[in-house]
Amino acid sequence: MTDYATRRTMMVDTQIRPSDVTKFPIISAMLSVPRENFVPRNKREAAYMGDNIDLGGNRTILEPRTFAKMLDALDIQPTDFVLDIGMGLGYSAAVLSQLGEAVVAVEDDQTRFDEASE
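The numbering used here puts the sequence shown at residues 35 to 152.
Here you go:
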């Protein structure tokens, strides 16, 4: 059985912190949201690697470092309402929900939306 919690910690320690992302809410959110639950089953082993995960249809789950840098630049506050357009399989919305007051996530691909809802 794969120890995803250890992989999640290693992702933060080796990809996020060295990238100068040091805001505690971002670190905490990325440590607590199980990224593997938002990755297609056949790609879960790659959930914590430092690469984008291809979802097909010209869509990806961003690699952790880039996603964390974007969150850092957004400077989301606990009172902010966040709109996540193109939520994919929901990882970004799950992390954003740890940072702001509320998140509205929108996905125009019904198949992807259904998969995210499982």
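Note that the Cβ used here is the ideal one computed from N, Cα and C, for glycine as well.
The structure presented is a predicted model; accordingly, all values stated were derived computationally and were not measured.
Quiz item: What do you get for Met45, buried or exposed, if any count of 16 or more other CB atoms within 10 angstroms of its CB means buried?
Solution: Met45 is buried by the Cβ-count criterion.
Quiz item: Using DSSP with H/G/I as helix, E/B as strand and the rest coil, what is Leu117?
Solution: strand
Self-check item: Cα-Cα separation, Asp106 to Glu97
Solution: Using only the alpha carbons, I get a separation of about 14 Å.
Practice problem: May I ask you to report which of helix, strand or coil DSSP gives Asp85? | Solution: coil
Quiz item: If you count every other CB in all the chains shown that lies within 10 Å of the CB of Ala39, and 16 or more means buried, which is it?
Solution: Classification for Ala39: exposed.
Quiz item: Taking only runs of the alpha helix (DSSP H) that begin and end inside the region 92-147, which ones reach a length of at least 4 residues, in chain order?
Solution: 98-108 and 125-133
Practice problem: In angstroms with no decimal places, state the Cα-to-Cα distance between Gly74 and Met83. | Solution: The question names Gly, yet the displayed sequence has Pro at residue 74. Spanning the alpha carbons of Pro74 and Met83 requires a straight line of approximately 14 Å.
Quiz item: Where does Ser126 land, buried or exposed, given buried means 16+ other C-beta within 10 angstroms?
Solution: buried
Quiz item: Distance, Cα to Cα, Glu135 vs Glu70?
Solution: 24 Å
Quiz prompt | Whether Ala102 touches Val55 by CB criterion (8 Å) | solution = yes
Quiz prompt | Between the CA atoms of Thr94 and Gly120 - distance to the nearest angstrom | solution = 10 Å
Quiz item: Excluding five sequence neighbours on each side, which residues of the same chain lie with their C-beta closer than 6 Å to the C-beta of Leu117?
Solution: If we look at Leu117 and ignore the five residues flanking it on each side, its Cβ neighbours are Val138.
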